[in-house]
Structure formats: C-alpha cells, structure tokens
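Numbering (my numbering), first residue to last: 6 to 510.
Ideal Cβ placement from N, Cα and C applies to all residues, glycine included.
Step one of this worksheet: look at the structure below.
As structure tokens, then:
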C-alpha cells in the first residue's frame, strides 16, 4: 500500500493474525524483502533449501562492512542449510525433489549444485572441479529427454558455474532446429510456477527457447534461420507474460529496460513458488551487476509497533501488544516519495476444494498382539488416551480428472502435546498372511502438526505415521489437506472441509 502521509489507515480483514509490516523504497528494498521471505520460508525440500541458500549468499554479499552480529547469523544459517542440502543427495550425488522417496531429476540436481556452488564460494570452501562436473554427467544420463525449458535452464546454471557447455548447447540447438512454438495458456496473475509442474505449453517453450538463444549467443553457437525466426516470436511472448520470472528473463537479455527492475520486483508476492522467486532474484541481480543495496532513511513506526530482526537488512515491524491489531500506521518522519508499506499476515479465510482428489483421515488404535500389532478403528467420538499408541492414516484417492499430480504435500494438524513417533523399527502390522513391517516415517515436522511430501500421486496412496498424545483436553483441528506445492490454488480437503474434534484423556 502506498504511504502518502505520516498517519495512514491500516485496513485488514477481521481474522488477520501474525501481522508484519516493512517498507520498500525502490528496487533495492523489494529485492531485500524477497530475499528475507525466501530465507524465512518454513519448508525444506531440495528446491526450497536451494532457494534459501541463494538469497543467503546475496545477503552476505550485501553485508560487507555491515553489522557483525547480522553477518554471523547469516553465516551460521548458510552453513546449516548447506549441510541440510548435502544430506538430501541421493545415490551418485543426484538429487530428487525431497531426498529419499523422490525420483532423480536433472533440473533439481543442477539447481542444488548451483546453490551449493554459490554457498561454497561465500563460505570460502574449495571444491575439486570434478565435483561440479557431476552436473553435466547427470544431464547427459537423465536430462536429454527432458523438455526444452528444463534442458536450457540446466545448461544456463552449468554455464554460470563455469562448466564447459558449448557442445551441449550446440546439441540442444540441433535437437530443436525445426521446432515451432505452440499456443500458450493464458495465465493472468496466476501464482503457479513457470519452472516446476507447469503446463507443457507454448509459454514454457517460449521461455526455453529464449533461454537457449541467450546460451547460444554466450557460446558463439549460430541458430538456424528457421529457429531464429521462432526466437523472435518467443521473446515477444516472454516480454508480454505478467509473471515476474518471465519479465526478469527479458530484463536480463535487455528486452526490458533495467529501470523496470523496481516495478518487476514489487510484483513478486510471498505466495509465489520459491524457485520462481529465487530465479527472479538471480536474473535481476545479474542484470544489475550485483544485489542492490537499500538506501534512504530507515522508517520508524510509533510505540504501538516493535521492530523485528530480519534475515538480512530490511527493517520490519510487528504489533507490540497481543490481541487487537493497530488500526493505523503512524510514522515518526515523512516517507520518501514512492514508498510503499508491505503488509503480510495470515488469514483463516476458507479455501474451496479445486482438485479432484479424495482425502480421508483415520486415527486407529495400535493394539499389541503376538508377533505385532492389530489396528483397531475408533468409535465415533471415542476419547484418545495418553498411555496408548495410535496410527494416523491419510488416504489420497485421485480421480481420472486429477491426472497424475506432482509435487504434492499432505498437511495434517495435531493437537498440542501430540507428536509423531520418529521411528517404526521393529513394528509389524497383523491382518494379512504374514506380519508386515510398518514403512518408515517420512514426515516433516511443523509447529501445528506434520506434512508429508508426495512426489507423484498415481493411484491410491496411504501415508501412515505413529502418534502419541501427551496433553489432555478437547481440541478442534482443521481438516487434513493435500495441495500441489507449485500450483497452490489446487487443493483438496478431508471430508467437507470441516473441523475435527479430538478428546484426549
């Protein structure tokens, strides 16, 4: 929202919570805001961990000569996130989307290596050249049948790392010498990703062809006349896309003036997929010759607000008192022209099911028996006990209309004091011909429950986790839900989306 006076009304929905306010005064402030949001993002798959490492390295570059305590905090975070990323590498150092249980992916591998390359340079870590060459080995083994945009992005990342890509770029040009762009899907202001899980249409082809033309120019590879004509069409389409990622690519190639970086960065929202936001920062930073540094006065709010330590250098504020939210933003001094307040908050606004996937959740009692456990369904409104072990079972059933959704996440709420048993070793379930070992837990802990990544939802999928309850009381929980991480408007809920009540004694 634009700031036009020292006293500005703050209009929020009645159910707003976890309010946070920061101020942006041009491209530099918006750049830092986006970097802070990525660094603070709560999940941690391979892509999101990489998308956190990238702005961390940018923040450290901008902190030279800055506050030592902030720099030390950023360095510690960078080291921890880098170790997390390395731990998620699969066999032969090939990455999937979320470590074990997700398939090998050349684009995810290249992106992870690129983020690690940036992190290693920031930390002063020297790695042998053959370590980075694994990107090209994985591309040659797994990536040659990937879509154009995936292949072009892998090679662009490898080129940025200084790897030899000329022969591979020439091969990619030859593979697509006779291509013609398909029609694109009208996306409008969609928050869906252009990189991951995007429709295989002309928009993605245009991005890939535009990126390929940049690579060919850098490597001195000539394009066939027919492909050159398609490149012109591709760039026009890319420049017309409203998505910040597409506009950042056009900015990088000079198809948009650098002065538009301010408007471009201001359009990046915290709801957008993390990889799209991180690549937008990468391309804008490269065009501007480095991460822009915020300038101008640090705006201060009145005593109703307290400052919050940000991930890097952008000041932000939260309400000082719990309960009622402030109704106005009162500044201690006049804001420079063009300043906007960036208002972030959580809302309990109801979501509507938009994905043709059935979601069913059952909590069952684990009953000890000879050679294992039997599952006992709970009766309606049955009370849970703190001295017993339970099974939490979520079943996903896609219809034919849903197709084979990728990159999905199951979110399951738990009451206070409940936790997922971290191990399933030695536990066997009875009911079949032979006792069946319980599959290992693969959840991601959250403040209010847990989440389970589902790489590909193909046919019915059951996820099971052992639960214990430690705090007595009556609790109302939101329904379990499944949504596509890179198309976040596509979501399915347990039942009719109503709340679940649990009694624990």
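Check: Touch check for the segment 142-161 and the segment 198-215: three-plus C-beta pairs under 8 Å?; Outcome: yes
Check: Run through the segment 350-408 for me and flag every whole beta strand (DSSP E) of 3 or more residues, listed as ranges in chain order.; Outcome: 362-374, 377-382 and 395-403
Check: With a CB to CB cut of under 6 Å and the five nearest residues on each side skipped, what residues in its chain are close to residue 198?; Outcome: 278, 281 and 491
Check: Please classify residue 493: does DSSP put it in a helix, a strand, or coil?; Outcome: strand
Check: Between which two residues does the beta strand (DSSP E) harbouring residue 12 extend?; Outcome: 12-14
Check: Measure the CB-CB distance between residue 388 and residue 510 and report whether it falls below 8 Å.; Outcome: yes
Check: DSSP state of residue 303, grouped into three classes?; Outcome: coil
Check: Measuring straight from C-alpha to C-alpha, what distance separates residue 97 and residue 488?; Outcome: 31 Å
Check: Measuring only the C-alpha atoms, how far is residue 141 from residue 163?; Outcome: 7 Å
Check: Is the beta carbon of residue 337 sitting closer than 8 Å to the one on residue 305?; Outcome: yes
Check: Among the candidates 207, 276, 212 and 449, whose CA atom is the shortest distance from the CA of residue 252?; Outcome: 212
Check: For residue 517 versus residue 114, is the C-beta distance shorter than 8 Å?; Outcome: Any property of residue 517 remains undetermined from this structure, which presents the chain solely from 6 to 510.
Check: Going along the chain, which residues of its own chain have a beta-carbon closer than 7 Å to the beta-carbon of residue 229, five neighbours each way excluded?; Outcome: 182
Check: Using CA atoms only, rank isn't needed, just tell me which of 231, 495, 508 and 485 is closest to residue 502.; Outcome: 485
Check: Excluding five sequence neighbours on each side, which residues of the same chain lie with their C-beta closer than 6 Å to the C-beta of residue 32?; Outcome: 266, 267, 270 and 297
Check: When the Cα atoms are used, what is the spatial distance from residue 123 to residue 62?; Outcome: 7 Å
Check: Check whether the Cβ atoms of residue 217 and residue 264 sit closer than 8 Å, and answer yes or no.; Outcome: no
Check: Whose C-alpha, out of 454, 409 and 477, is nearest the C-alpha of residue 483?; Outcome: 454
Check: What residue from 376, 208, 81 and 366 has the CA that sits closest to residue 436's CA?; Outcome: 376
Check: According to DSSP, which residues form a beta bridge with residue 474?; Outcome: 423
Check: Name the one or two DSSP bridge partners that residue 27 has.; Outcome: 321 and 347
Check: Output needed for residue 188: all residues of its chain with C-beta closer than 8 Å, excluding positions within five of it in sequence on either side, in chain order.; Outcome: 206 and 207
Check: Mind the definition here: the segment 36-48 touches the segment 323-334 only if three or more C-beta pairs lie below 8 Å; say whether that holds.; Outcome: no
Check: Report back the beta-carbon spacing between residue 103 and residue 460 to the nearest angstrom; my notes put them in contact at under 8 Å.; Outcome: 7 Å
Check: Roughly how many angstroms lie between the CA atoms of residue 462 and residue 410, to the nearest whole one?; Outcome: 5 Å
Check: Enumerate in chain order the residues of its own chain whose CB-to-CB distance from residue 383 is below 7 Å, with the five nearest sequence positions on each side excluded.; Outcome: 368, 369 and 370
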